[in-house]
Amino acid sequence: MTEIAPKIRTEAYAPTPVAPPRTPAQKFAATFLPPLIMGVLVVLLYWVVRESLPAHRQFLMPSASGMWDKALSQPAVWAELGSRSLTTLTIALTGLAFSIPIGMALGIIMFRFFVMERAVYPFLVALQSIPIMAIIPLIQSALGFGFMPKVLIVILFTFFAIPTTLLLGLKSLDQGVLNLFRLQGASWWTMLRKAGLPSSAPALFAGFRISTSMAVIAAVTSELFFMAGRGGLGQMLVNAKTDFKYEQMYAALIASTTLSISIFVVFTLVGNRIFASWYETAERKS
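In this text, residue positions in the sequence shown follow the numbering used here: the first is 657, and each later residue adds one.
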């Protein structure tokens with residue numbers, strides 16, 4: 657007698673979509689409530705760790721009142737934060753101005769010529785794997801301690817994500833679309849402009865977001881090794897720690913975090929505006 661296998665109800669395991677917020681209050685809550693809750697948890701964790709320290713070491717993690725009295729209520733501290741943030745922002749954006757176009761050009765070249773992918777990609781992985789500390793002496797010997805070494809550190813941090821994500825997106829182009837362009841006698845550049853780049857936009861967009869989120873971190877890190885001239889938030893961090901002004905050190909840390917998030921949000925909004933006309937899943941935010 658043949659045993660009949662029980663029918664599996666696959667619909668029970670289907671993902672359940674979440675209804676999008678409709679009212680302005682729901683949209684506001686969906687946008688700001690999750691990061692607000694996470695922020696409260698981070699502050700609570702900070703308080704727990706500070707309270708667990710011995711009394712003679714709690715100065716290493718300033719309290720909210722100490723932050724206000726010795727840093728956030730001081731106009732001189734705000735003025736220094738503003739000027740140093742501008743310096744850090746200049747370093748970060750200059751590095752991105754090099755890494756983004758060069759990375760995109762390299763990704764297109766690797767897609768166009770398979771031998772270039774075989775030749776370049778291992779070196780990209782190796783460059784990403786090299787600790788920055790190991791090449792700092794080489795950079796200091798070649799470029800000194802000024803502005804350009806800091807920009808080079810930003811490029812090293814932000815470059816890898818651009819060509820790799822673009823190459824991944826271009827390789828994901830549907831073969832049927834390529835065959836259609838070949839049947840129409842379109843050139844390779846036409847195929848790239850009208851099919852390749854729009855199709856790879858989501859992957860490239862992810863690369864932009866990774867690189868922009870790393871730019872400020874790289875700029876602050878570079879200032880820890882190249883202290884010559886007027887420095888940015890990284891130099892303020894070092895100076896405040898040396899002078900035992902931990903309230904100002906945490907203020908510089910908060911400013912660098914805010915700056916990094918701001919650049920990330922700006923690039924996200926700009927990317928959404930650009931890629932929304934290329935790819936149907938890109939979001940338009942007003």
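Ideal placement from N, C-alpha and C gives every residue a C-beta, glycine not left out.
message = Using only the alpha-carbon positions, how far apart do PRO778 and VAL771 sit?
response = 12 angstroms
- Compute the distance between the beta-carbons of ILE811 and GLY751, then report whether it is under 7 angstroms. yes
Legend entry - Contact check, LEU823 vs SER855, beta carbons under 7 angstroms: no
Among GLU879, ILE786, LEU794, ILE910, which one has its Cα closest to the Cα of ILE747?
-> GLU879
Measuring straight from C-alpha to C-alpha, what distance separates PHE861 and GLY927? 7 angstroms
Short Cβ contact (7 angstroms threshold) for THR820 with SER867:
no
Determine the extent of the alpha helix (DSSP H) in which TRP845 is found, giving its start and end residues. 844 to 847
Do ILE795 and PRO805 have their beta-carbon atoms positioned less than 7 angstroms apart in this structure?
yes
Worksheet item: For the alpha helix (DSSP H) that MET760 lies in, which residues bound it at each end?
Response: 731 to 768
Requested in this report: Could you tell me whether the stretch 726 to 745 touches the stretch 902 to 910, using the rule of 3 or more Cβ pairs below 8 angstroms?
Outcome: yes
So does the stretch 701 to 713 actually touch the stretch 841 to 854, counting three or more Cβ pairs closer than 8 angstroms? no
Inter-residue spacing [alpha-carbon to alpha-carbon] between ALA896 and SER797: 28 angstroms
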